[in-house]
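Each remark here refers to the structure printed beneath this line.
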Amino acid sequence: MPRGKKKLKAGKSLPQSPSPKIKPEDWRAHDPQITEDLWLIPQRDKSGEHIGDYHGNFVPQIANRLVLRFTEAGDVVLDGFAGSGTTLIECRRLGRHALGFELSPDICRLAEGRSGKEPNSFGVHTEVQCADSSSNKAAASCHRFLKRLDSEYFDLLILHPPYSDIISFSHDKHDLSRLGDPDEFADGFMSVYSNLLPFLKDGGFIGVVIGDKYDEGEVIPLGSILLQRILAKGGVRLKGFIVKDIQHNRAKRNLDHLWRYRALKGDFFIFKHEYVLVFQKRKSAFFGNK
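The sequence shown runs 951 to 1240 under our numbering.
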């Protein structure tokens, strides 16, 4: 079956999306910032179902850029931390199928509701599963979703985990937001990563969105820790180390003066950035003994 023409369960071909994968020959038609490693996003997209009231959701423009850059119409996207459904909403807009996992039942229902309300002009299939994305249940869901689309693999994997214990999202023992120790957090993340990576096609891309944190006045470089863990595991190559500038951070909104006072008093610097780490899965022939 040709790429970009995966079939729905009903057997109907996917309509052509007006948002195809970015091609080098069309470079003049695209925002040049997409090719740079500093993403200045002045304000979070709040259109449609991107309401922005969920504490911890990630900027829709990031999902949009990853999906548009690394997939084609009709491709299949996997989101290991679906949150309020940001990735699924963008996939419905861009004509990509998408499966997302969310651990919290309440947040899972929120993601289902919002992504389901977003117009689906291209008839793609989007689904949110309430499951621990490191579990056998999640792996089985990946198999079923791909079989339903008559596809062998996902084309893009997006991972936007909690930033350790900065925000607590649930009391579930598998929730990464319960893990304040950097090594335990990295272990938990890598369990998710290792469980989902086999479902990504060779040559497919991975976008990891992560920020750092402070702990008793000390910077804990979560981004660097995950970067090293992923590279140490092998099987991928680093394609991008992107810094995203945070504007109008919900946690710091209207408190600029207070945060400046705290930073000067406590001898620390205010985080105004996050990382978007982009990896490409190597072809099986290059895995070697890793």
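Yeah, the Cβ is synthetic: ideal placement off N, Cα and C, and Gly gets one too.
_With distance defined between alpha-carbon atoms, name the residue in S1091, R1098, L1053 and D987 nearest to K1123._
Along the sequence shown, read from residue 1 onward, the residue named residue 1123 stands at position 173. That would be L1053, whose Cα lies nearest to the Cα of K1123.
_Measuring straight from C-alpha to C-alpha, what distance separates I1117 and R1015?_
Residue 1117 sits at position 167 when you count from the first residue of the sequence shown. Residue 1015 sits at position 65 when you count from the first residue of the sequence shown. The alpha-carbon atoms of I1117 and R1015 are separated by roughly 26 Å.
*Assign H1000 to one of two classes, buried (16 or more other C-beta atoms within 10 Å of its C-beta) or exposed (fewer than that).*
Stepping through the sequence shown from its first residue, residue 1000 is reached at position 50. Result: buried.
_N- and C-terminal bounds of the alpha helix (DSSP H) containing T1037_ = Stepping through the sequence shown from its first residue, residue 1037 is reached at position 87. It spans T1036 to L1044 - the alpha helix (DSSP H) in which T1037 sits, taken as one unbroken run.
_Where the alpha helix (DSSP H) through W989 begins and ends_ = Counting from 1 along the sequence shown, the entry for residue 989 is found at position 39. Per DSSP, W989 belongs to no alpha helix (DSSP H); it is in the beta strand (DSSP E), L988 to I991.
*asked:* Distance check for A1089 and Y1225, CA to CA, integer angstroms please.
replied: The count along the sequence shown starts at 1 and reaches residue 1225 at position 275. The count along the sequence shown starts at 1 and reaches residue 1089 at position 139. Cα to Cα, the separation comes out at about 27 Å.
_DSSP three-state label for K1222, please._
On the sequence shown, residue 1222 is found 272 positions in, with the first residue counted as 1. If DSSP states are grouped into helix, strand and coil, K1222 belongs with coil.
_Residues of its chain near R1187, where Cβ-Cβ distance is below 7 Å and the 5 sequence neighbours each way are ignored_ = Here residue 1187 is taken as the residue at index 237 of the sequence shown, counted from 1. If we look at R1187 and ignore the five residues flanking it on each side, its Cβ neighbours are F1229, Q1230 and R1232.
*Terminal residues of the continuous alpha helix (DSSP H) containing F1135?*
On the sequence shown, residue 1135 is found 185 positions in, with the first residue counted as 1. Per DSSP, F1135 belongs to the alpha helix (DSSP H) from P1132 to L1146.
*When you compare each of V1159, L1109 and F1135 to L1150 by their alpha carbons, which one comes out closest?*
Here residue 1150 corresponds to residue number 200 of the sequence shown, with the count starting at 1. Nearest option by C-alpha distance: L1109.
_By alpha-carbon positions, which one of F1155, D1206, G1173 and K1183 ends up nearest to V1193?_
Within the sequence shown, numbered from 1, the residue matching residue 1193 stands at position 243. For V1193, the nearest C-alpha among the options comes from G1173.
_Applying the 10 Å Cβ sphere with the 16-neighbour rule, what's the burial state of V1078?_
Here residue 1078 is taken as the residue at index 128 of the sequence shown, counted from 1. It is buried - the Cβ of V1078 has at least 16 other Cβ atoms within 10 Å.
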